Amino acid sequence: MSEKYYIKTFGCQMNVYDSSRIADMLKKEGYEETKHQNEADIVLFNTCHIREKAAEKLFSDLGRAHLIQLERSEAGKDTIIGVVGCVVQAEDEQIIKRAPYVDFAVGPLMYHKIPQLLQKIQQNREEHGFVETDFPAESKFDFLPENRAQGACSYLAVQEGCNNFCTYCVVPYTRGVEYSRPVAEVVKEAKRLVETGTLEINLLGQNVNSYHGEDENGKERGLAYLLHKIAEIDGLKRIRYTTSYPADMSDDLIACHKDISILMPYLHLPVQSGSDRILKAMNRRHNSADYLRVVEKLYAANPLLKMSSDFIVGFPGESDDDFQKTLDIVNKVKYIQAFSFKYSRRAGTPAAVMDNQVEEKVKKERLDILQTLLFDYQDKFNKSCIGKTMPVLLEQKGRHKGQLIGRTPYMQNLHVETKSDNMNKIINVVVSEATTNSLSGKEI
Ligand code: SAH
Ligand code: SF4
Ligand code: F3S
């Protein structure tokens, strides 16, 4: 019987993609996936360091994993515990100091080392506690085995790292400098995803629209070029890309929203704040007028396009007036979905040592007000879909028998009664009901 691995993933889509590539690697080595942690011979946590809560959660999970490790050991079974991802890059050796039962810890740019580390540990169980946090010169993507579809919807990383250094953010420290994969490599991976069952590809990058990969002739190409190449793949039905940085939304990329019919009419373009003073303190390369100009161009390129965003409330120095400007921009753009967070102080970032930190109570009040407004727009948009026909890509079983759940072009969850062999297909549905979080409808 082959050995089993279990992966728990925290954080952003990039981590979801990374976990799928780690799984590709482990499968190639002969391991089998399990969804049950207590039957896993290898337990991996793919971690996120973006906000304090995300990082703290890891240590409670690790404590639980240790108990399972001890229980299994009494039954004569070995369990290797590994931590990968952004927390490792930030905490380095501290992870092993805080959780000495962790057998290895590998940063996000080094996960191609995992099979070697596993072998080393299995050969000599006395030796463990390895930490790998280099930013290697070579690309980790060069060492990965062939990918497979993650389902009808797959992620594909095309760019990694960030040179923007927003003053609140750990990503430039955990993922390193910007790197773009060559065009041919991305197209090859995309084709393989489609061949193995993917209908929708979501191109990923910490700043995906700063993509500047080389083509076969060594010429640098932007994301617009890459999107056109990928759109040519036979059998691919939907394309998305995320996350984009407002100042890098070029006109040729905006034009893709008019010219590429399978590019979904939905764009995640985080503004963070509506106040120019705060955007400046955040070191964002856009002000609110720049942002609104981009949004206008996008709406002109495709009048059906809708937007989503990320927001931070309570950034150091944010006044009531600054916060009001955030509400104002929400009212202008009318986002149909959004993520909003209280500012979290991250050690090593410039904002963490700014002396005008906002009180927790004020952050909470502002978050409540912002979320009420955002949910209101989300709810209105969902209700406006009632009576409309939408193509839905079905990817999950519903709670009731005969029910499947899929995504609309706008990333809304939609529940529908349909035959089970429609799983992983796109069907047309007339929307009959809508709540803030989901839609339901009838197949036509
Ligand atoms: N590259 C993307 C965002 C990546 S991080 C961009 O520039 O938009 C995802 C989101 O986490 C950010 O958009 C931001 O809203 C939030 N975030 C990052 N650091 C944070 C912090 N210190 N406190 C609270 N939210 C934070
Ligand atoms: Fe973080 Fe800013 Fe880079 Fe986004 S652009 S990953 S928020 S530093
Ligand atoms: Fe978190 Fe790292 Fe993504 S810090 S948000 S997992 S890039």
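Residue numbers in the sequence shown follow the numbering used here, run continuously in steps of one, and reach 471 at the last position.
All C-beta atoms, glycine included, are put in the ideal place defined by N, C-alpha and C.
Given the structure is predicted, the values throughout are model-derived calculations rather than measurements.
Does the beta-carbon of residue i have 16 or more other beta-carbons within 10 angstroms, so that it is buried, or is it exposed?
{"i": "glycine 134", "result": "buried"}
{"i": "alanine 217", "result": "buried"}
{"i": "glycine 38", "result": "buried"}
{"i": "leucine 331", "result": "exposed"}
{"i": "arginine 434", "result": "buried"}
{"i": "valine 198", "result": "buried"}
{"i": "isoleucine 265", "result": "Strictly speaking, residue 265 in this sequence is arginine, with isoleucine absent from that position. So arginine 265 counts as buried."}
{"i": "valine 380", "result": "exposed"}
{"i": "valine 204", "result": "exposed"}
{"i": "lysine 167", "result": "buried"}
{"i": "histidine 313", "result": "buried"}
{"i": "glutamate 159", "result": "buried"}
{"i": "isoleucine 122", "result": "buried"}
{"i": "lysine 407", "result": "exposed"}
{"i": "glutamate 227", "result": "buried"}
{"i": "leucine 401", "result": "buried"}
{"i": "glycine 103", "result": "exposed"}
For residue i, which residues in the same chain have their Cβ closer than 8 Å to its Cβ, ignoring the five residues on either side in sequence?
{"i": "glutamate 78", "result": "The residue you asked about is not glutamate; residue 78 is arginine in the sequence shown. Excluding residues within five positions, the ones whose Cβ falls inside 8 Å are Phe368, Ser371 and Arg373."}
{"i": "asparagine 383", "result": "Pro343 and Gly344"}
{"i": "lysine 415", "result": "Val457 and Val458"}
{"i": "lysine 469", "result": "Val443, Glu444, Val456, Val457 and Ser459"}
{"i": "lysine 84", "result": "Phe37"}
{"i": "lysine 62", "result": "Tyr33"}
{"i": "glycine 375", "result": "Ala117, Val197 and Tyr200"}
{"i": "lysine 410", "result": "Ala461"}
{"i": "methionine 137", "result": "Glu159, Thr160, Asp161, Pro163 and Lys167"}
Suppose you measure from the CA of residue i to the CA of residue j; what does that come to, to the nearest Å?
{"i": "glutamate 247", "j": "histidine 239", "result": "6 Å"}
{"i": "glutamate 30", "j": "glutamine 64", "result": "13 Å"}
{"i": "isoleucine 413", "j": "asparagine 440", "result": "14 Å"}
{"i": "lysine 35", "j": "lysine 446", "result": "31 Å"}
{"i": "alanine 461", "j": "leucine 306", "result": "35 Å"}
{"i": "proline 209", "j": "isoleucine 363", "result": "33 Å"}
{"i": "alanine 176", "j": "lysine 388", "result": "45 Å"}
{"i": "tyrosine 182", "j": "leucine 230", "result": "6 Å"}
{"i": "histidine 295", "j": "glutamate 101", "result": "49 Å"}
{"i": "aspartate 26", "j": "aspartate 105", "result": "A question about residue 26 goes unanswered here, because the residues of the chain that appear run from 28 up to 471."}
{"i": "glutamine 398", "j": "alanine 164", "result": "42 Å"}
{"i": "histidine 139", "j": "glycine 57", "result": "16 Å"}
{"i": "tyrosine 252", "j": "lysine 452", "result": "28 Å"}
{"i": "aspartate 261", "j": "alanine 179", "result": "15 Å"}
{"i": "serine 302", "j": "serine 47", "result": "38 Å"}
{"i": "glutamate 22", "j": "alanine 50", "result": "With the chain represented from 28 up to 471, any question about residue 22 goes unanswered, as that position is not in the structure."}
{"i": "alanine 92", "j": "aspartate 130", "result": "12 Å"}
{"i": "tyrosine 318", "j": "leucine 144", "result": "46 Å"}
{"i": "aspartate 347", "j": "aspartate 403", "result": "21 Å"}
{"i": "leucine 420", "j": "isoleucine 454", "result": "7 Å"}
{"i": "leucine 250", "j": "valine 70", "result": "36 Å"}
{"i": "leucine 325", "j": "alanine 282", "result": "8 Å"}
{"i": "histidine 427", "j": "methionine 438", "result": "21 Å"}
{"i": "glutamate 243", "j": "alanine 211", "result": "7 Å"}
{"i": "proline 436", "j": "isoleucine 289", "result": "10 Å"}
{"i": "phenylalanine 338", "j": "methionine 291", "result": "23 Å"}
Taking the alpha carbon of residue i as the point to measure from, which residue in the options has its own alpha carbon closest?
{"i": "lysine 424", "options": "Asp317, Thr416, Tyr437 and Asp448", "result": "Asp448"}
{"i": "glutamate 153", "options": "Cys193, Ile107 and Tyr195", "result": "Ile107"}
{"i": "tyrosine 272", "options": "Tyr33, Pro297, Val185 and Glu227", "result": "Pro297"}
{"i": "glutamine 233", "options": "Met41, Pro292 and Asn451", "result": "Met41"}
{"i": "valine 235", "options": "Asp275, Thr201, Thr225 and Gly262", "result": "Asp275"}
{"i": "valine 357", "options": "Gly375, Lys333 and Asn73", "result": "Lys333"}
{"i": "alanine 316", "options": "Phe72, Cys189 and Lys352", "result": "Lys352"}
{"i": "valine 221", "options": "Glu259, Cys193 and Gly188", "result": "Glu259"}
{"i": "aspartate 119", "options": "Phe162, Arg99 and Ile95", "result": "Phe162"}
{"i": "threonine 270", "options": "Lys285, Glu187, Leu420 and Leu401", "result": "Glu187"}
{"i": "tyrosine 195", "options": "Asn464, Gln299, Leu466 and Lys285", "result": "Gln299"}
{"i": "leucine 171", "options": "Asn464, Lys428, Asp45 and Gln96", "result": "Asp45"}
{"i": "leucine 287", "options": "Ala328, Pro142, Lys215 and Tyr437", "result": "According to the sequence provided, residue 287 is isoleucine. The question's leucine does not apply to it. Per the Cα distances, Ala328."}
{"i": "aspartate 169", "options": "Lys147, Asn190, Arg202 and Ser207", "result": "Ser207"}
{"i": "glycine 224", "options": "Asp242, Phe192, Asn174 and Glu241", "result": "Asn174"}
{"i": "cysteine 193", "options": "Asp279, Ala308 and Glu60", "result": "Ala308"}
Keeping to the same chain, check which residues put their C-beta closer than 6 Å to that of residue i; ignore five residues upstream and five downstream.
{"i": "leucine 89", "result": "Ala126"}
{"i": "valine 213", "result": "Val185"}
{"i": "glutamine 150", "result": "none"}
{"i": "glycine 429", "result": "Glu444"}
Among the residues of its own chain, which have a CB less than 7 Å from the CB of residue i, if the five just before and after it don't count?
{"i": "arginine 14", "result": "For the chain, the structure presents residues 28 to 471; residue 14 sits outside this window and is missing."}
{"i": "alanine 81", "result": "Phe37, Gly38 and Cys75"}
{"i": "cysteine 189", "result": "Val198, Pro199, Arg202, Glu205, Gln233 and Asn234"}
{"i": "serine 237", "result": "Gln186, Glu205, Tyr272 and Asp275"}
{"i": "glutamine 96", "result": "Thr106, Ile108 and Tyr128"}
{"i": "arginine 311", "result": "Cys193 and Gln299"}
| said: Which residues end up in the neighbourhood of the ligand SF4 when you take C-beta atoms closer than 6 Å to any of its heavy atoms? | reply: Cys189, Asn191, Phe192, Cys193, Cys196, Val198, Pro199, Gln233, Asn234 and Tyr272
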